[in-house]
Structure formats: C-alpha cells, structure tokens
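Visitor:
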Amino acid sequence: MTSPAWSDALATGIPDIDRYHRHLFEVFEELRFAAQGGTQRAMTGNLMDRLLSGTMEHFSQEEAEMVATGYPHLDHHHAAHESFSDEVVALLQASVSGATIAAPVVIALAHRLVDHVMTHDQQLAAYLQAVKPTTV
Ligand SMILES: [Fe+2]
Ligand SMILES: [Fe+2]
Numbered sequence: 085m086t087s088p089a090w091s092d093a094l095a096t097g098i099p100d101i102d103r104y105h106r107h108l109f110e111v112f113e114e115l116r117f118a119a120q121g122g123t124q125r126a127m128t129g130n131l132m133d134r135l136l137s138g139t140m141e142h143f144s145q146e147e148a149e150m151v152a153t154g155y156p157h158l159d160h161h162h163a164a165h166e167s168f169s170d171e172v173v174a175l176l177q178a179s180v181s182g183a184t185i186a187a188p189v190v191i192a193l194a195h196r197l198v199d200h201v202m203t204h205d206q207q208l209a210a211y212l213q214a215v216k217p218t219t220v
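When you line the sequence shown up against the working numbering, it's residues 85 to 220, in that order.
Shown next as structure tokens:
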C-alpha cells in the first residue's frame with residue numbers, strides 16, 4: 085500500500101502552493117517506504133525533520149498570503165494547519181523517542197493532507213486567483 089501521490093487533481097493552480105504540496109507528498113511516500121522497513125532508521129529521522137520543516141514552511145507561506153490579501157477564512161484555515169502540524173510533531177516526537185512509525189499512520193496523515201488540499205487550500209486558491217489574478 086502506497087501513500088497518496090501528487091496528481092493534477094490536487095492542483096490549486098497556484099504554482100508556489102502546488103510545488104510545496106508535491107514535495108510534501110513525496111516526503112510522505114518516502115516515509116511510508118521507510119516505515120515499511122525500506123530505509124535505515126537514521127533516514128527515518130531525517131525524513132521526519134524534512135516533513136516537519138516542509139509543513140511549517142508551507143503553512144507559513146499560505147498564511148502570509150492570507151494575511152497579505154485579507155483572506156476572510158484565515159482563522160479557520162490556520163486552525164486546520166495547527167491541527168495538522170500537531171500530528172506531524174507528535175509523529176516526530178514518537179520517532180525521536182524510539183517508537184516505530186507505522187506505515188498506516190503515515191498513509192493516514194497523507195490522506196489528511198489530501199483532504200486539506202481539496203477543501204481549505206482549493207478554497208484559498210480560488211480566492212487568491214480572484215484577488216491576485218496576475219499570480220497564476
Ligand atoms: Fe492550507
Ligand atoms: Fe497547502
């Protein structure tokens with residue numbers, strides 16, 4: 085069983101956002117592979133660091149756009165980011181404390197990202213395209 089992969093169906097039409105999403109799905113798939121024993125343990129920690137830093141950078145990027153454009157659903161979207169980040173941090177802490185990261189947990193989190201992209205991020209992208217048509 086693989087982690088959900090990037091596809092055009094997930095595209096928001098905002099290149100900077102889509103680039104980050106593609107990157108995050110790639111890291112999730114590498115983590116899924118690692119969780120199934122395909123990678124040395126040290127690599128798993130490295131992947132968790134990349135997942136957390138990539139997630140935080142990306143969420144900051146989206147939220148900066150929301151602030152800059154006066155996005156009306158910023159609070160709601162920010163809360164969704166916080167909730168997702170909390171799960172990534174929990175997974176990282178479990179990994180650091182020596183727990184085995186189970187592939188289904190990684191896959192479930194990647195599916196959560198799919199849900200986030202298809203709801204919160206698509207809504208944000210539609211707004212950004214309406215207020216900043218030159219960025220697309
Ligand atoms: Fe988002
Ligand atoms: Fe996003």
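Quick reminder that beta carbons are idealized off the backbone N, C-alpha and C, glycines included. Please read these numbers as outputs of a predicted model, since none were measured by experiment.
Could you give the distance in angstroms between the alpha-carbon of L158 and the alpha-carbon of V151?
Guide: Those two C-alpha atoms are separated by around 8 Å.
Visitor: Do V172 and L135 have their CB atoms nearer than 9 Å?
Guide: Taking 9 Å as the Cβ cut-off, V172 and L135 qualify as a contacting pair.
Visitor: Go ahead and pull the three-state DSSP assignment for R103.
Guide: Looking at R103 - three-state DSSP - the assignment turns out to be helix.
Visitor: By the DSSP assignment, the alpha helix (DSSP H) with L176 in it spans what residues?
Guide: Start and end: L158 to V180.
Visitor: With a 10 Å radius around its C-beta and 16 neighbouring C-beta atoms as the bar for buried, classify D92 as buried or exposed.
Guide: Classification for D92: exposed.
Visitor: Quick check on the DSSP output: the alpha helix (DSSP H) that includes F139 runs from which residue to which?
Guide: This sequence places Thr at residue 139; Phe is not what is there. R125 to T153 is the span of the alpha helix (DSSP H), which, as asked, contains T139.
Visitor: For A164 versus H200, is the C-beta spacing smaller than 9 Å?
Guide: It is a contact, given that the beta carbons lie within the stated cut-off.
Visitor: Does the separation of the CB atoms of A183 and R116 fall below 9 Å?
Guide: Not closer than 9 Å, so no.
Visitor: Classify S181 as buried or exposed, calling it buried when 16 or more other Cβ atoms lie within 10 Å of its own Cβ.
Guide: Exposed is the call here.
Visitor: If you draw a straight line from the alpha carbon of D205 to that of T86, how long is it in whole angstroms?
Guide: Each residue's alpha carbon lies about 23 Å from the other.
Visitor: Leaving out the 5 sequence neighbours to the left and right, which residues in its chain are closer than 8 Å to E166 when beta-carbon positions are compared?
Guide: Cβ neighbours of E166 beyond the five flanking positions: none.
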